[in-house]
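Residue numbers (this note's numbering): 15 to 94.
For glycine and all other residues, C-beta sits at the position ideal for the given N, C-alpha and C.
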Amino acid sequence: MKFIKKIPHIEVDISLYEWNQKYIIKFELNGLEQTYKVSQLDIDTKEEAEAALTPAFIEQVVGRFQDMQEEWDKALGMTL
15 MKFIKKIPHI
25 EVDISLYEWN
35 QKYIIKFELN
45 GLEQTYKVSQ
55 LDIDTKEEAE
65 AALTPAFIEQ
75 VVGRFQDMQE
85 EWDKALGMTL
């Protein structure tokens, strides 16, 4: 897997990779990870992949991290 770049964001770590004719966009926050694999047949360039990361999309990703953390806390019996 070839690392392309880090995409700056104040709240979440975003990394862009290229592998097996796909762009891989990895989001990381507080030990949790979300990965999106996009065929290069659907997005031609890394610039297009980065442009798809709109503020609204990233906001949904961050919200999903909050849901993931709540589910994990519940699984560990850490809910209030």
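{"query": "Which residues DSSP lists as bridging Ile21, in chain order", "result": "Ile28"}
{"query": "Glu42 versus Asp56 - alpha carbon distance", "result": "24 Å"}
{"query": "Per-residue DSSP class, three states only, for Gln97", "result": "Here the chain has residues from 15 to 94 only, and residue 97 is not among them."}
{"query": "Neighbourhood of Asn44 by C-beta, 8 Å cutoff - its chain only, sequence neighbours within 5 removed", "result": "Phe79 and Gln83"}
{"query": "Inter-residue spacing [alpha-carbon to alpha-carbon] between Glu61 and Gly91", "result": "42 Å"}
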